[in-house]
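Protein chains: 2
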Amino acid sequence: MDVRTICLGILTRGDATGYEIKNLFQHDGYQHFVEASFGSIYPALNRLTEEGLVSVREEAQEKRPDRKVYSITPAGRSAFIASLLKPLPEDRHRSPFVFAMLFSDLLPQARVAQLIETYAQEVQVKLAQLNETEARAQTPGEEFARGFGRAIYVAALQFLEEQRGKFETAEPVAAE
Amino acid sequence: MDVRTICLGILTRGDATGYEIKNLFQHDGYQHFVEASFGSIYPALNRLTEEGLVSVREEAQEKRPDRKVYSITPAGRSAFIASLLKPLPEDRHRSPFVFAMLFSDLLPQARVAQLIETYAQEVQVKLAQLNETEARAQTPGEEFARGFGRAIYVAALQFLEEQRGKFETAEPVAAE
DNA sequence: GTCGATCTATATCGGACCAATATAGATACG
DNA sequence: CGTATCTATATTGGTCCGATATAGATCGAC
Numbered sequence: 126m127d128v129r130t131i132c133l134g135i136l137t138r139g140d141a142t143g144y145e146i147k148n149l150f151q152h153d154g155y156q157h158f159v160e161a162s163f164g165s166i167y168p169a170l171n172r173l174t175e176e177g178l179v180s181v182r183e184e185a186q187e188k189r190p191d192r193k194v195y196s197i198t199p200a201g202r203s204a205f206i207a208s209l210l211k212p213l214p215e216d217r218h219r220s221p222f223v224f225a226m227l228f229s230d231l232l233p234q235a236r237v238a239q240l241i242e243t244y245a246q247e248v249q250v251k252l253a254q255l256n257e258t259e260a261r262a263q264t265p266g267e268e269f270a271r272g273f274g275r276a277i278y279v280a281a282l283q284f285l286e287e288q289r290g291k292f293e294t295a296e297p298v299a300a301e
Numbered sequence: 126m127d128v129r130t131i132c133l134g135i136l137t138r139g140d141a142t143g144y145e146i147k148n149l150f151q152h153d154g155y156q157h158f159v160e161a162s163f164g165s166i167y168p169a170l171n172r173l174t175e176e177g178l179v180s181v182r183e184e185a186q187e188k189r190p191d192r193k194v195y196s197i198t199p200a201g202r203s204a205f206i207a208s209l210l211k212p213l214p215e216d217r218h219r220s221p222f223v224f225a226m227l228f229s230d231l232l233p234q235a236r237v238a239q240l241i242e243t244y245a246q247e248v249q250v251k252l253a254q255l256n257e258t259e260a261r262a263q264t265p266g267e268e269f270a271r272g273f274g275r276a277i278y279v280a281a282l283q284f285l286e287e288q289r290g291k292f293e294t295a296e297p298v299a300a301e
């Protein structure tokens, strides 16, 4: 799922600037399983404009940089739906935490316990974020995404809870 | 968790060629939460060698390209452990599947059902892979990583099972 | 009341990383 | 006997991220 496709998808829900697209990842609905940086969003929007998949209108603002508001075109909408009909790339879950835990035998116990605590807290924050958005009007898709996130985070927390303690008795090895 | 750190970690478990490091991600222990491509592994090993964090010995083979077997140095081991003592980057879970489901209202029902089925099958394959490795000798870290993966995958499957059907009655919208 | 922080909004650059491709002989299978 | 897969290296094009730059607006703290 490249950034161009992600931008198209977001624009099917309404017009937006590059800045607003970026912020959608931090707030509402799109949390946790989709992301893109400014460094890829702005070039993506330019290319999409060249290709006629989105259109821009520049809204000049007094004493502010111009807003470039992007809208999806009919061609863009078709291209987006077509991309959802093709086989999807697989999920990619990169976890520095799991990687670090693979080497727990090389770390002092205190650090291992801390890794687990810190990670558990992060998961709890994400879970709380998902529950916050609960009240707002949602598409069935957003409902699904929130449920999916909840399911995974709850399971992760439960597992961490089970593991807590198991790494407190293991003998540590040289940490230098 | 950059590729250099990942390579260092793997080399703490024993010497390996770039090729073997890459393959470790597909087989044993490191499955699912860690990955790197040849295009980043080979340059990483070169740089690590320059920096003295790993050493190479070239094993000439008859009628085969030379094997470049990498070993971690004491400096490399220290650097690796130091990187595990610093705060870790957060997990990054990119899911084209969840992204597509966010737009289920734009897709024909059949496609949505297919998305769920296909994804569920992929998760089941991953779960089976984790259970396969069960028999082999494991470090506590590998045990943890396998348990973590299992917990998440089982929860995902359970959620998908609950959702199956919920997307069969939703009215579809134009798919072109 | 003014100073710093945060927000809106654009954009670029270096570097990291991936996917695909190239090379090339070995082995294994049908 | 041919073809696919395996061992093993490496590069290239392109995508993407993180950091940085710019710049005025707003808002809270002191």
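Protein sequences appear in the order of chains B and F. Just so you know, we're using my numbering here: the first sequence kicks off at 126 and counts up by one. Just so you know, we're using my numbering here: the second sequence kicks off at 126 and counts up by one. Backbone N, C-alpha and C fix where the C-beta goes; we use that ideal spot for every residue, glycine too.
If we define contact as Cβ-Cβ less than 7 Å, is F/Asp230 a contact residue for chain B? As a position in the second sequence, residue 230 of chain F is number 105, starting the count at 1. It does: the Cβ of F/Asp230 has a partner Cβ on chain B nearer than 7 Å.
key: Residue range of the unbroken beta strand (DSSP E) whose run includes B/Arg236   = In the first sequence, residue 236 of chain B corresponds to position 111, counting from 1. Looking at the DSSP string, B/Arg236 is not in any beta strand (DSSP E); the run it does join, the alpha helix (DSSP H), is 234 to 257.
Original post:
Is any beta-carbon of chain B found at less than 7 Å from that of F/Ala204?
Top reply: Within the second sequence, residue 204 of chain F is the residue found at index 79, counting from 1. No, F/Ala204 does not count as interfacial toward chain B.
To the nearest angstrom, report how far apart B/Phe273 and F/Glu176 are at their CA atoms. Counting from one through the first sequence, the residue named residue 273 of chain B turns up at place 148. Counting from one through the second sequence, the residue named residue 176 of chain F turns up at place 51. Rounded to the nearest angstrom, the two C-alpha atoms are 43 Å apart.
inquiry  = Less than 7 Å between CB atoms is the rule here; does B/Asp216 satisfy it with respect to chain F?
reply    = The residue labelled residue 216 of chain B in the question sits at position 91 within the first sequence. Yes, B/Asp216 counts as interfacial toward chain F.
Item checked: Boundaries of the beta strand (DSSP E) in which F/Arg217 is found, first to last residue -> The residue labelled residue 217 of chain F in the question sits at position 92 within the second sequence. Taken as a continuous stretch (DSSP letters only), the beta strand (DSSP E) holding F/Arg217 covers 217 to 219.
Quiz item: Among the residues of its own chain, which have a CB less than 7 Å from the CB of B/Leu170, if the five just before and after it don't count?
Solution: As a first step, residue 170 of chain B must be located in the first sequence, where it is residue number 45. For B/Leu170, where only same-chain residues beyond five positions count, the Cβ hits under 7 Å are Cys132, Gly143, Val179, Tyr195.
- Are the beta-carbon atoms of F/Ala276 and B/Phe158 separated by less than 7 Å? Within the second sequence, the letter at position 151 stands for residue 276 of chain F. Within the first sequence, the letter at position 33 stands for residue 158 of chain B. No; because the gap between Cβ atoms is not below 7 Å, this pair is not in contact.
*asked:* My assumption, with CB atoms under 8 Å, is that B/Asp267 sits in contact with B/Gly154. Please give the rounded CB distance.
replied: For the purposes of this step, residue 267 of chain B is taken as the residue at position 142 of the first sequence. For the purposes of this step, residue 154 of chain B is taken as the residue at position 29 of the first sequence. Checking the sequence, you will find Glu at residue 267 of chain B rather than Asp. That belief holds up - the Cβ atoms of B/Glu267 and B/Gly154 are roughly 4 Å apart, short of 8 Å.
Can you give me the start and stop residues for the alpha helix (DSSP H) that B/Glu267 sits inside? For the purposes of this step, residue 267 of chain B is taken as the residue at position 142 of the first sequence. Residues 265 to 288.
For a contact defined as C-beta to C-beta under 9 Å, what are the partners of F/Gly290 on chain B? The residue given as residue 290 of chain F occupies position 165 in the second sequence. Residues of chain B passing the Cβ test: none, with the nearest at roughly 13 Å.
task: Under 7 Å between beta-carbons, which chain B residues line up against F/Glu267? List them in chain order, please.
output: Position 142 of the second sequence holds residue 267 of chain F. Near F/Glu267 (Cβ distances below 7 Å), the residues of chain B are Leu227.
**Straight-line gap, F/Gln246 to F/Pro199 (C-alpha atoms, nearest Å)** = Taking the first residue of the second sequence as 1, we reach residue 246 of chain F at position 121. Taking the first residue of the second sequence as 1, we reach residue 199 of chain F at position 74. Roughly 44 Å between the two C-alpha positions.
Anything in chain F within Cβ reach of B/Ile277, meaning under 7 Å, just list it in chain order.
The residue you call residue 277 of chain B lines up with position 152 of the first sequence. Ile277, Ala280, Ala281, listed in chain order.
Problem - Given F/Gly290 as reference, the closest of F/Ala253, F/Gln151, F/Arg236, F/Gln249 once Cα atoms are compared - result: The residue labelled residue 290 of chain F in the question sits at position 165 within the second sequence. F/Gly290 has its Cα closest to that of F/Arg236, out of F/Ala253, F/Gln151, F/Arg236, F/Gln249.
Give a yes or no on whether the C-beta atoms belonging to F/Arg219 and B/Arg217 are separated by under 7 Å. Residue 219 of chain F sits at position 94 when you count from the first residue of the second sequence. Residue 217 of chain B sits at position 92 when you count from the first residue of the first sequence. For F/Arg219 and B/Arg217, yes; Cβs fall inside 7 Å.
*asked:* Counting only beta-carbon separations shorter than 7 Å, does F/Phe179 have a partner in chain B?
replied: Start at 1 with the first residue of the second sequence, and residue 179 of chain F comes out as number 54. The question names Phe, but residue 179 of chain F in the sequence shown is Val. No, no contact with chain B.
* To do: With DSSP collapsed to three states, give me the class of F/Val194.
  => Against the second sequence, residue 194 of chain F aligns to sequence position 69. Looking at F/Val194 - three-state DSSP - the assignment turns out to be strand.
Against F/Ser220, what residues of chain B qualify as contacts under a CB-to-CB distance less than 7 Å, listed in chain order? Position 95 of the second sequence, counted from the first residue, corresponds to residue 220 of chain F. Result: Phe158, Asp216.
query = Hey, is B/Ala238's beta-carbon within less than 7 Å of any beta-carbon in chain F?
reply = Counting from 1 along the first sequence, the entry for residue 238 of chain B is found at position 113. Closer than 7 Å: no.
Taking C-beta to C-beta, are F/Ile197 and F/Leu149 nearer than 7 Å? Here residue 197 of chain F is taken as the residue at index 72 of the second sequence, counted from 1. Here residue 149 of chain F is taken as the residue at index 24 of the second sequence, counted from 1. Cβ distance not < 7 Å, so F/Ile197 and F/Leu149 don't count as in contact.
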